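Protein chains in written order, with my numbering: chain A, 98 to 569; chain B, 960 to 1059.
The C-beta atom is built at its ideal place from N, Cα and C for all residues, glycine as well.
For clarity, every value in this text was computed on a predicted model and none was experimentally measured.
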């Protein structure tokens, strides 16, 4: 089977149209009303780019491409259709890793093409090929580890071991040295290249392993940006503008989101990546905060009492966290909120920027449960309102409401902007146990005189609350 | 060679600015769809994968090229579908109560 070939200029013009569709598509993502259309536009741009590529004169055989697209299409479709909204972060990580892997392979095959032709690799081509392969491979294995952590296949904790940082640094310098040597050498050396590729894959694993689960929003944004850059590097080696443009757009987007996530936690990116935040607590004396809390007790609340407080409140602010996603409690929460609203209670949702495991995670979950996004408020909007709230209902959130971030300079989360739940008249905290949150630190909010604990699975507790409010 | 590099770099640098401009306006509530939508867009690397898979070569290269096409397609198809699924939930809810 042969298809007619398009002249190169037609292909390039079509790539230009694709690039425009990507840019306008992303732009339309900035409003909930036009966002879906924007995504469709980008998808059309993608389809156009793929179709004209198929008709490019350099494509001589179609068997491999057809088989690959068929298999990849089936896997992608099934995965995208089946995944639960609560599992979205790990799904995005997997898709991201696929892209990174593809970029790494494309770069590597470019290198092998020089080897087969027996011609030296020009320095510029060498640099872009090695960059594309390195970043792509790092993103591939890094995303798989991130997926494993989010899916619970690998421990969520930051994994640390002796000499971790020196080993990582050594590996990084080794990869750098081999890359420089390969570029200087000029003559293609597939054996050394294979070592370079293996080391890059290993580096991705070692890079993400020491980062705790709660920092995954930052990691996923960063890896997304990496895959974008790897794609752009591939574009440099193939001199393909649509690859450069789209890869760079994604690189910029991922970098910006990474920055926003770090800012929301008031922690520099270096602390997130190399700080081993959320590692297993070290043996030894309890922290200052925990010591201060010794002897204090938390107060339990019954479902009935909690329901009564909610039902007769004027204003309730709901603070969802990762626990809500784990328990899949989003639909129950909406039901509870609807019930309260029908009783004339003013209900608002307070969304912390790093609640959940990816940027905007809570927004997606609540949208799935049909919560109008006009009821969702971000940190700056909602914090002044806690003073006038009767009840702050904390569902599966912990570190983002820890007052230690405001007052305790020795706390690892000191300086992180938090939701001022403690300023509400009453705080009801729904939690499975007294286990500390991701940061591994005690939360003095739980010991606050206004605070009450409602222990149990979030979904379970919410459904019981719904029943109890109905009879209140 | 150098001329080609300069052209590539020009496009790269301008794309950084365009990317920054259009993305900095996306509100927090749409960060997850933004991430997953841009995630789908870097699946454009599939174009590169097709270009290397379209040249008949030995079994080793063909196997790798096949893998690249599979991975790239998963990225593209999965990325766009999942983003659409999410945005479907956001669409049509714009008529919620106006923010007071």
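Query, Result
"What are the start and end residues of the beta strand (DSSP E) that includes residue 489/A?", "488-492"
"Please report how far the alpha carbon of residue 405/A lies from the alpha carbon of residue 185/A, in whole angstroms.", "35 Å"
"Using 8 Å for Cβ pairs, my map puts residue 240/A next to residue 197/A. What's the rounded Cβ distance?", "6 Å"
"Using 9 Å as the limit for Cβ to Cβ distance, is residue 180/A near chain B?", "yes"
"Could you check what DSSP says for residue 473/A in three-state terms: helix, strand or coil?", "strand"
"In chain B, which residues lie with their C-beta within 8 Å of the C-beta of residue 356/A?", "Simply none; closest approach about 10 Å."
"I'd like the list of long-range same chain contacts for residue 334/A, defined as Cβ closer than 7 Å, with 5 residues on each side in sequence excluded.", "204, 207, 222, 225, 226, 229"
"Put residue 455/A into one of helix, strand or coil per three-state DSSP.", "coil"
"Pairs of beta-carbons, one from the segment 158-166 of chain A and one from the segment 1025-1036 of chain B, closer than 8 Å: are there three or more?", "yes"
"Tell me which residues share the same chain as residue 485/A and place their Cβ nearer than 8 Å to its Cβ, disregarding the 5 neighbours each side in the sequence.", "412"
"Give the range of the beta strand (DSSP E) segment to which residue 523/A is assigned.", "523-528"
"Going along the chain, which residues of the segment 984-996 of chain B sit with their C-beta nearer than 9 Å to a C-beta in chain A?", "984, 985, 986, 987, 988, 989, 990, 991, 992, 993, 994, 995, 996"
"Report yes if the C-beta of residue 195/A is less than 8 Å from at least one heavy atom of the ligand NAP; otherwise report no.", "What this structure holds is no ligand at all, so the ligand NAP is not there to describe."
"State the Cα-Cα distance for the pair residue 244/A and residue 441/A, rounded to the nearest angstrom.", "42 Å"
"If you measure beta-carbon to beta-carbon, which residues of the segment 995-1015 of chain B are closer than 8 Å to chain A?", "995, 996, 997, 998, 999, 1000, 1001, 1002, 1003, 1004, 1005, 1006, 1007, 1008, 1009, 1010, 1011, 1012, 1013, 1014, 1015"
"Applying a beta-carbon distance threshold of less than 7 Å, which residues of chain B neighbour residue 333/A?", "967"
"What does the alpha-carbon distance come out to for the pair residue 316/A and residue 351/A?", "10 Å"
"Give the interface partners of residue 458/A over in chain B, defined as CB-CB distance under 8 Å, in chain order.", "991"
"Less than 9 Å between CB atoms is the rule here; does residue 132/A satisfy it with respect to chain B?", "yes"
"Identify every residue that forms a DSSP beta bridge with residue 446/A.", "415/A, 473/A"
"Give me the subset of the segment 297-312 of chain A whose CB atoms are less than 8 Å from a CB atom of chain B, sorted by chain position.", "none"
"For residue 414/A, which residues in chain B fall below 9 Å Cβ to Cβ?", "Simply none; closest approach about 15 Å."
"Exposed or buried, which one is residue 277/A when buried takes at least 16 other CB atoms within 10 Å?", "exposed"
"To the nearest angstrom, how far is the alpha carbon of residue 152/A from that of residue 318/A?", "34 Å"
"Rounded to the nearest angstrom, how far is the Cβ of residue 236/A from that of residue 298/A, given a contact under 8 Å?", "That pair is no contact at about 10 Å."
"Tell me the start and end of each unbroken alpha helix (DSSP H) in the segment 177-222 of chain A that is at least 4 residues and wholly inside, in chain order.", "185-214"
"Using the Cα positions of residue 455/A and residue 271/A, report the straight-line distance between them to the nearest angstrom.", "32 Å"
"Is the beta carbon of residue 403/A closer than 9 Å to that of residue 257/A?", "no"
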